[in-house]
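Input: a single structure, listed below in structure tokens.
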Amino acid sequence: FTERLERKMNPHAATLISILLIILVIVIPLVLILGQVATQAEAYGKNTSVNGIIEKLSAYPIFKNINWSLIKEQAASLITSTITHTLVQIPSLILSIFITFFSLYYILLNLRYLSTQLPVYLPFKDKNRVSEEIAATTRKIIYGYFFIAILELIVTLIGFSIVGVKYAAVFAGIISILVFVPGLGPF
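With our numbering applied, the sequence shown covers 15 to 201.
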């Protein structure tokens, strides 16, 4: 995409437009979905009391001998430490995002040069063939991720709709986006 834009305008402007499109397509929807999840979690928290849940669970014989006050204290401690850890990590996350987009800018700006120089550093005899195989495999992996994301969107949307989950489309969208996040996706 960047190469097509470079034919019509300055390479620096084309690279910046490409990065802005990446932000628009990936980051902004992700932030909006996470905002919706936070809003819905807050609404659920306001409508559901912890004591009410404990009372319902205590009605079952298996849960009668559990020290619920200790569990509540430990849960509160865990939530507090998690929030504190998350807040401490925000500057690091911002710096990582900045470095990612800064690197992406220069990689996109010099993509043609980098792709021609890659075979030079490959430790194989048939460097061009290996380079082409790497490109083809990478393309297939990316298409596979998109295919999995679409499948997960469809399956979870149907499943959530059948079960009657409120905001099924939002949750299905979150699940399909998480395909691209290592450790949170299906692998």
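Note that CB positions come from ideal geometry on N, CA and C, so glycine has one too. Please read these numbers as outputs of a predicted model, since none were measured by experiment.
Report task. Confirm, please, whether the CB-CB distance from Ile168 to Val193 is below 8 Å. Result -> Locating residue 193 in the sequence shown gives position 179, where the first residue counts as 1. Locating residue 168 in the sequence shown gives position 154, where the first residue counts as 1. In this structure, Ile168 does not lie closer than 8 Å to Val193 by Cβ.
Query - Nearest-angstrom beta carbon gap, Phe185 and Val177 [assumed within contact, 8 Å] - result: Working through the sequence shown from its first residue, we reach residue 177 at position 163. Working through the sequence shown from its first residue, we reach residue 185 at position 171. So it is not a contact: roughly 11 Å between Cβ atoms.
Requested in this report: Take Ser190 and list the residues in its own chain whose beta-carbon comes closer than 6 Å to its own, dropping the five residues that flank it on each side.
Outcome: As a first step, residue 190 must be located in the sequence shown, where it is residue number 176. Residues Ala163, Glu166, Leu167 of the same chain have their beta carbon placed closer than 6 Å to that of Ser190, with the five preceding and five following residues left out of the count.
Query raised in the report: Should the stretch 35-44 be called in touch with the stretch 129-137, which here means at least 3 C-beta pairs below 8 Å?
Result: Too few Cβ pairs lie closer than 8 Å, so no.
Requested in this report: Using a Cβ cut-off of 8 Å (strictly closer), state whether Val184 contacts chain B.
Outcome: Among the chains in the structure shown there is no chain B, since it carries only a single protein chain.
Query raised in the report: Nearest to Tyr181 by CA position, among Met23, Ile47, Ala27, is which residue?
Result: Position 167 of the sequence shown, counted from the start, is the residue given in the question as residue 181. The residue with the shortest Cα to Cα distance from Tyr181 is Ile47.
Report task. Compare the beta carbon distance of Leu122 and Thr53 with 8 Å and say whether it is the shorter of the two. Result -> Here residue 122 corresponds to residue number 108 of the sequence shown, with the count starting at 1. Here residue 53 corresponds to residue number 39 of the sequence shown, with the count starting at 1. Against a cut-off of 8 Å, the Cβ pair of Thr53 and Leu122 comes out as no contact.
**Report entry** Cβ shell of Leu171 (< 8 Å), same chain only, five flanking positions each side left out
**Finding:** The residue labelled residue 171 in the question sits at position 157 within the sequence shown. Non-local C-beta neighbours of Leu171 in its own chain, meaning closer than 8 Å and more than five positions away in sequence, comprise Ala182, Ala183, Ala186, ordered along the chain.
Query - Nearest to Ile188 (by Cα), restricted to the options Ile31, Lys22, Pro25, Gln50 - result: Translated into the one-based positions of the sequence shown, residue 188 becomes position 174. Checked all of Ile31, Lys22, Pro25, Gln50; the closest Cα to Ile188 is Gln50.
**Report entry** Three-way DSSP call (helix, strand, coil) for Asn79 in this model
**Finding:** Position 65 of the sequence shown, counted from the start, is the residue given in the question as residue 79. DSSP, read as helix, strand or coil, puts Asn79 in coil.
Report task. Work out the CA separation of Lys22 and Lys154 for me, nearest whole Å. Result -> As a working note, residue 154 is residue 140 in the sequence shown. As a working note, residue 22 is residue 8 in the sequence shown. So the two alpha carbons sit approximately 29 Å from each other.
Query - Classification of Ser106 by the beta-carbon crowding that lies within 10 angstroms, buried from 16 upward - result: Taking the sequence shown and counting its residues from 1, one reaches residue 106 at position 92. Ser106 should be labelled exposed.
Query raised in the report: Do you know how far the Cα of Asn124 is from the Cα of Asn142?
Result: On the sequence shown, position 128 is the one that residue 142 refers to. On the sequence shown, position 110 is the one that residue 124 refers to. Those two C-alpha atoms are separated by around 19 Å.
Requested in this report: Indicate whether Trp82 and Ile104 have their beta-carbon atoms separated by less than 8 Å.
Outcome: Working through the sequence shown from its first residue, we reach residue 82 at position 68. Working through the sequence shown from its first residue, we reach residue 104 at position 90. In this structure, Trp82 sits away from Ile104, with a CB-CB distance that is not shorter than 8 Å.
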